[in-house]
Amino acid sequence: MAGQKSKSVTVCGYPLSIFFIVVNEFCERFSYYGMRAVLVLYFKYFLKWDDDFATTIYHTFVALCYLTPILGAIIADSWLGKFKTIIYLSIVYAAGQIVLAVSAIHDITDTNKDGVPDNMTFHVALSMVGLLLIALGTGGIKPCVAAFGGDQFSDEQEKQRSTFFSIFYLSINAGSLLSTIITPILRAQQCGIHTKQQCYPLAFGVPAALMVVALIVFIVGSGMYNKTAPQGNILVKVCKCVGFAIKNRFRHRDSRFPKREHWMDWAEEKYDKLLIAQVKMVLKVLFLFIPLPMFWALFDQQGSRWTLQATTMDGNFGVFVVQPDQMQTVNPILILVLVPVMDSIVYPLISKCNLNFSPLKRMTVGMFLAALAFVAAALVQLQIDNSLPKFPAATESQAKFINMMNTSVTGQAGEFPLSLPSYTATEDYKTFTGPFSLNLEGAVYPVSLADGTRNTLVIIKDAMSPRAILFGDITAKPDEGKNAIRFFNGFSSALNITTDELDFGDIVRNNMSEYRNVTSGKVKFTILDEATSQTCVYEQTLKFGSSFTLLIPPTLTLGQMCQGIVEVTDINPNSVHMAWLIPQYFLITAGEVVFSVTGLEFSYSQAPSNMKAVLQAGWLLTVAVGNIIVLIVAEAATLPDQWAEYILFASLLILVCIIFAIMAYFYTYIDPVQIEAQFSQPEDEKKRKSLEMTKRDSIEKRKHSDSNSLYQTKM
């Protein structure tokens with residue numbers, strides 16, 4: 048029967064049912080954060096969206112994930128109850144994860160087996176359906192699971208309930224940390240039926256499997272749960288009360304009606320004074336929430352802009368290599384370190400110095416630290432930009448010259464003199480505006496290059512005089528930190544070149560292969576002479592984001608190892624190390640600890656006893672609005688440089704920080720229990736006991752707020 052407490056087996060004083068709830072939460076958070084860790088890279092490299100559009104869709108999705116909890120709370124409290132809501136929406140959630148994993152299988156529409164989907168619209172549509180279902184599922188169950196776990200304890204198990212919440216939120220961080228380490232590794236694998244590609248189906252498939260496990264585990268414990276019946280949603284009641292006050296005030300806007308002390312007092316005709324007083328307290332805190340979305344606008348860019356920033360950096364840490372999407376693990380690791388440091392060292396020291404470091408002051412400092420994090424990100428971006436090659440402008444063209452003759456060559460390319468020993472190239476690209484003449488030992492060739500292009504002119508012997516063959520080069524860094532490699536065959540016969548992953552095809556004499564993107568690390572190229580069937584292996588150690596043209600001269604020695612191949616650098620590898628991202632991650636995480644943890648504690652302490660969920664919904668709404676701000680700025684701000692966008696966000700947050708500090712200065716802290724007590728009747732013993740119990744519960748909860756808040760940041 049709904050609402051009846053079931054007899055649950057206890058272990059060490061704890062209901063056995065909470066084991067299923069904790070395991071469910073771990074698997075669900077692993078599923079969500081694992082999928083989200085690789086999502087922006089999936090948008091950019093699989094769906095082929097540009098950085099701005101990928102960022103926009105990513106933050107739209109995150110915003111939906113923080114808007115749907117309100118819907119989930121209403122469904123649970125007003126209609127289905129928490130248990131059924133978790134079951135039904137978990138099914139929706141798992142279906143969404145499965146749909147997203149299927150959408151990432153490129154072989155579904157790759158009819159010509161070239162590794163590129165032939166019907167990208169199908170994959171985009173399937174991805175959007177999957178993400179919509181995930182947003183509905185994860186957001187819908189978010190406000191239910193923790194509260195459902197609390198329902199499993201009796202009134203005499205307050206201590207065990209507090210410990211449960213600590214374990215529960217620890218499972219959230221554990222799932223988040225492990226998934227952001229594991230899923231980027233899965234993504235970096237190669238998989239496919241016809242061609243091998245980055246394994247996004249596996250990176251999404253494992254989180255989908257974990258979500259199915261989460262659902263099964265939760266259902267298995269069904270017979271042990273205490274399932275309370277829905278009793279009406281307080282959020283709906285608050286909204287109706289506010290709506291009636293506004294409508295009633297509008298009806299009595301004429302000056303002949305006497306003014307009331309507060310505009311919410313216009314609800315007295317329909318609602319009791321206790322509810323109105325509670326709504327006033329809630330609105331007072333919600334007013335302070337207005338500037339907060341700007342913090343989340345910066346914070347959630349760790350999964351979008353900062354991940355894209357990491358793709359242009361060197362992730363080799365010596366003993367291990369960090370994938371760009373794995374850098375997000377720095378945040379949960381630092382949280383586990385910084386929260387106890389703040390609680391045990393920093394805050395006590397500030398207190399001993401007799402400084403009034405109130406919750407709102409802490410939140411202001413947190414916002415300032417987040418702004419500094421984006422200043423740090425801008426400085427790193429400037430270093431990255433300075434390390435990038437200078438690509439041609441729209442009205443320019445660039446050319447590199449390679450001498451594939453066995454003798455030196457001298458000449459003139461436009462205004463640039465050439466002097467190249469055999470089998471060498473010019474050190475860098477020459478920039479031209481319009482056509483130019485190439486003079487090679489008296490022979491003059493007119494050259495016209497397309498504007499905005501990079502090119503290579505390979506000088507070969509033609510009869511008795513040299514001539515140049517034109518090849519187009521890439522004009523951007525290779526995607527995903529990979530390395531663009533191609534071969535020029537100057538050998539006497541056709542060659543076939545392969546690696547474990549790629550086939551460069553058959554390259555005839557005096558011709559260039561297409562670029563192939565090769566992952567970093569030691570790579571072995573197998574070169575086959577098609578005339579003699581002899582082979583040799585050429586090894587090259589690649590870093591991140593480079594481009595090479597490998598010259599195979601006529602003097603190539605075949606055998607066990609290839610001898611004589613010349614490496615020509617087209618684009619230098621990424622030179623800015625990912626370690627430089629750690630300061631900005633440290634600042635944003637320190638800001639999160641000071642801002643988010645304190646904000647949750649402040650909201651709890653200032654909320655009426657029966658409306659803490661309302662403020663939790665308001666808090667989640669600030670996260671959603673923050674992500675909406677990002678997608679607006681990403682589309683509206685047409686800044687040419689990424690560092691300038693970082694500075695723009697930092698400036699906006701500094702401005703909001705100042706506004707929030709002024710609002711906080713005029714805020715008066717309240718004790719909700721005392722205010723509620725003013726509306727209780729002395730003769731009503733039941734109400735008095737209820738208030739005393741609420742006060743004791745409030746004090747007890749505050750004792751545990753610091754430990755619990757460590758984990759609440761990842762909800």
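In our numbering, each residue's number is its place in the sequence shown (first place is 1) plus 47. Even for Gly, the Cβ is constructed at its ideal location relative to N, Cα and C. All of these numbers come straight from a predicted model, not from anything done at the bench.
- [ ] Can you grab the Cα-Cα spacing for the pair L355 / T168, in whole Å?
- [x] Locating residue 355 in the sequence shown gives position 308, counting from the first residue. Locating residue 168 in the sequence shown gives position 121, counting from the first residue. Approximately 24 Å between the Cα atoms of the pair.
Task: Check whether F534 and T454 have beta carbons under 9 Å apart - done: For the purposes of this step, residue 534 is taken as residue 487 along the sequence shown, with counting starting at 1. For the purposes of this step, residue 454 is taken as residue 407 along the sequence shown, with counting starting at 1. No.
Task: Under the three-state DSSP convention, the category G592 falls into - done: Along the sequence shown, read from residue 1 onward, the residue named residue 592 stands at position 545. Note: G592 maps to coil in three-state DSSP.
Task: Between the CA atoms of P464 and F480 - distance to the nearest angstrom - done: Indexing the sequence shown from 1 puts residue 480 at position 433. Indexing the sequence shown from 1 puts residue 464 at position 417. The amino acid at residue 480 is misidentified as Phe; the sequence shows Thr. C-alpha separation (whole angstroms): 16 Å.
Task: Residues near K160 in its chain [Cβ-Cβ closer than 7 Å; skip 5 each side] - done: Taking the sequence shown and counting its residues from 1, one reaches residue 160 at position 113. Excluding residues within five positions, the ones whose Cβ falls inside 7 Å are H241, T242.
TODO: To the nearest angstrom, report how far apart K733 and F215 are at their CA atoms.
DONE: Translated into positions along the sequence shown, residue 733 becomes position 686. Translated into positions along the sequence shown, residue 215 becomes position 168. For K733, the predicted model reports a pLDDT of 47, less than 50, meaning its position is unreliable; a value from the coordinates is still stated below. If I take the Cα positions, the gap works out to 33 Å.
TODO: Answer yes or no: do I181 and Y140 have a C-beta to C-beta separation smaller than 9 Å?
DONE: Locating residue 181 in the sequence shown gives position 134, counting from the first residue. Locating residue 140 in the sequence shown gives position 93, counting from the first residue. Going by C-beta atoms, I181 is nearer than 9 Å to Y140.
- [ ] Inspect the beta-carbon positions of T500 and P439 and report whether they are closer than 9 Å.
- [x] Walking along the sequence shown from the start, residue 500 turns up at place 453. Walking along the sequence shown from the start, residue 439 turns up at place 392. Closer than 9 Å, so yes.
TODO: Could you have a look at Y693 and say whether DSSP puts it in helix, strand or coil?
DONE: What you label residue 693 is simply residue 646 of the sequence shown in a count that begins at 1. Helix, per DSSP.
Open item on the list: Quick check on the burial criterion: 16 or more other C-beta atoms within 10 angstroms. Buried or exposed for V505?
Closed with: Translated into positions along the sequence shown, residue 505 becomes position 458. The residue is buried, with at least 16 neighbouring Cβ atoms inside 10 Å.
Open item on the list: So the candidates are E561, T210, L127; which of them puts its Cα closest to the Cα of F518?
Closed with: If you number the sequence shown from 1, residue 518 lands on position 471. Of the listed residues, the one whose Cα sits closest to F518 is E561.
- [ ] Measure the C-alpha to C-alpha separation of L426 and S495 and round it to an integer number of angstroms.
- [x] Stepping through the sequence shown from its first residue, residue 426 is reached at position 379. Stepping through the sequence shown from its first residue, residue 495 is reached at position 448. C-alpha separation (whole angstroms): 39 Å.
- [ ] Drop a sphere of 10 angstroms on the beta-carbon of V615, count the other beta-carbons inside from all chains shown, and report buried for 16 or more, exposed for fewer.
- [x] If you number the sequence shown from 1, residue 615 lands on position 568. Counting Cβ neighbours within 10 Å, V615 comes out buried, since at least 16 surround it.
Task: Under the three-state DSSP convention, the category R76 falls into - done: Against the sequence shown, residue 76 aligns to sequence position 29. In this structure, R76 counts as helix in the three-state DSSP scheme.
Open item on the list: When you compare the CB positions of Q373 and I228, do they come within less than 9 Å of one another, or not?
Closed with: Against the sequence shown, residue 373 aligns to sequence position 326. Against the sequence shown, residue 228 aligns to sequence position 181. Cβ distance < 9 Å, so Q373 and I228 count as in contact.
Task: Outcome for R743 when other beta-carbon atoms lying within 10 angstroms are tallied against a minimum of 16 - done: Here residue 743 is taken as the residue at index 696 of the sequence shown, counted from 1. Any reading at R743 must be qualified, since the residue scores a pLDDT of 47, below 50, and its modelled position is unreliable; no value is offered.
Open item on the list: For the alpha helix (DSSP H) containing F130, name the first residue and the last one.
Closed with: Taking the sequence shown and counting its residues from 1, one reaches residue 130 at position 83. First-last of the alpha helix (DSSP H) with F130: 129-150.
Task: Span of the alpha helix (DSSP H) around V264 - done: Within the sequence shown, numbered from 1, the residue matching residue 264 stands at position 217. From DSSP, the alpha helix (DSSP H) with V264 extends over 247-267.
- [ ] Flag this pair as yes or no: are the beta carbons of I382 and N557 separated by less than 9 Å?
- [x] The residue given as residue 382 occupies position 335 in the sequence shown. The residue given as residue 557 occupies position 510 in the sequence shown. Cβ atoms of I382 and N557: not closer than 9 Å.
- [ ] Find out if the Cβ-Cβ distance for the pair A697, F421 is shorter than 9 Å.
- [x] For the purposes of this step, residue 697 is taken as residue 650 along the sequence shown, with counting starting at 1. For the purposes of this step, residue 421 is taken as residue 374 along the sequence shown, with counting starting at 1. Yes, these two residues count as a Cβ contact at 9 Å.
Open item on the list: Quick test of the definition: if touching needs 3 or more C-beta pairs under 8 Å, does the region 632-643 touch the region 599-612?
Closed with: no
Open item on the list: In the DSSP output, what is M608 paired with across the bridge?
Closed with: Stepping through the sequence shown from its first residue, residue 608 is reached at position 561. Its beta-bridge partners are V584.
Open item on the list: Just verifying my parser: in three-state terms, what is the DSSP assignment at E527?
Closed with: Counted from its first residue, the sequence shown places residue 527 at position 480. DSSP, reduced to helix, strand and coil, places E527 within a helical segment of the structure shown.
TODO: Compare the beta carbon distance of L94 and V171 with 9 Å and say whether it is the shorter of the two.
DONE: For the purposes of this step, residue 94 is identified with residue 47 of the sequence shown, where counting begins at 1. For the purposes of this step, residue 171 is identified with residue 124 of the sequence shown, where counting begins at 1. It is a contact, given that the beta carbons lie within the stated cut-off.
TODO: Report all residues from its chain with a CB closer than 6 Å to the CB of I694; omit the five preceding and five following residues, and keep chain order.
DONE: Stepping through the sequence shown from its first residue, residue 694 is reached at position 647. For I694, where only same-chain residues beyond five positions count, the Cβ hits under 6 Å are A425.
Task: Cβ shell of K659 (< 8 Å), same chain only, five flanking positions each side left out - done: What you label residue 659 is simply residue 612 of the sequence shown in a count that begins at 1. Result list for K659: S650, Y651, in chain order.
Open item on the list: For G252 and F551, I'd like the C-alpha separation in whole angstroms.
Closed with: Translated into the one-based positions of the sequence shown, residue 252 becomes position 205. Translated into the one-based positions of the sequence shown, residue 551 becomes position 504. If you take the alpha carbons of G252 and F551, they lie about 31 Å apart.
Open item on the list: Suppose you measure from the CA of A418 to the CA of V386; what does that come to, to the nearest Å?
Closed with: The sequence position of residue 418 within the sequence shown is 371, counting from 1. The sequence position of residue 386 within the sequence shown is 339, counting from 1. Cα-Cα distance, rounded: 20 Å.
Task: Q375 versus C74, T230, A681, residue with shortest Cα-Cα distance - done: The residue labelled residue 375 in the question sits at position 328 within the sequence shown. Nearest option by C-alpha distance: T230.
TODO: Mark V329 as exposed unless 16 or more other C-beta atoms lie within 10 angstroms of its C-beta, in which case mark it buried.
DONE: Here residue 329 is taken as the residue at index 282 of the sequence shown, counted from 1. Answer is buried; the Cβ neighbour count reaches 16.
Task: Terminal residues of the alpha helix (DSSP H) in which F483 lies - done: Numbered from 1 along the sequence shown, position 436 holds the residue referred to as residue 483. No alpha helix (DSSP H) holds F483; the beta strand (DSSP E) holding it covers 483-487.
TODO: Use the C-beta contact count for F67: other C-beta atoms within 10 angstroms, 16 or more gives buried, fewer gives exposed.
DONE: Numbered from 1 along the sequence shown, position 20 holds the residue referred to as residue 67. With 16 or more other Cβ atoms within 10 Å, it is buried.
Open item on the list: Given a cut-off of 9 Å on the beta-carbon distance, is the pair A250 and V85 in contact?
Closed with: Here the question's residue 250 lines up with position 203 in the sequence shown. Here the question's residue 85 lines up with position 38 in the sequence shown. For A250 and V85, yes; Cβs fall inside 9 Å.
TODO: Return the CA-CA distance between G27 and M410, expressed in angstroms with no decimal places.
DONE: Past the boundaries of the shown model lies residue 27; the chain is included only from 48 to 762, so the question cannot be answered.
Task: Own chain, CB closer than 6 Å to P655, minus 5 neighbours either side, in chain order - done: Start at 1 with the first residue of the sequence shown, and residue 655 comes out as number 608. Around P655: Q325, M328, P719.
Task: At least 3 beta-carbon pairs within less than 8 Å: the region 122-133 vs the region 673-683 - done: no
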